[in-house]
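Asker:
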Amino acid sequence: MNTPDLAKQDFIFAKDLGQNNKRLLEFYTGRNGFLYRHRKDINKIYEGGYCVSPPEAFELLPISE
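First residue of the sequence shown: 36, per the numbering used here; consecutive thereafter.
Here it is as structure tokens:
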């Protein structure tokens with residue numbers, strides 16, 4: 036989902052690497068980081084090996100400094 040020039044992208048998609056998430060924000064100063072994840076209070080629904088949970092099963096959480 037990323038282009039070769041991350042500095043010009045509005046959004047940068049990256050794998051959740053825990054504490055290393057903050058390193059990405061340090062490199063791209065002035066940007067906000069968020070985790071997009073499945074809510075823990077809603078069971079995941081799978082079809083054919085893919086998660087097909089409805090949109091309300093996901094949440095967007097800010098990465099804290």
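Ideal Cβ placement from N, Cα and C applies to all residues, glycine included.
(1) My understanding is that Y71 touches F93, with C-beta atoms under 8 Å, so please give their C-beta distance in whole angstroms.
(2) Should R66 be counted as a contact of the ligand COA given a C-beta to heavy atom distance under 6 Å?
(3) Taking the alpha-carbon positions, what's the L41 to I47 distance?
(4) Can you tell which of H73, K75, K57 and D76 has its C-alpha closest to the C-alpha of N67?
(5) According to DSSP, F48 sits in a beta bridge with which residue or residues?
Answerer: The short version:
(1) 6 Å
(2) The model on display carries no ligand, and the ligand COA is accordingly not part of it.
(3) 7 Å
(4) Among H73, K75, K57 and D76, the Cα nearest to that of N67 is on K57.
(5) Bridge partners of F48: none, in fact.
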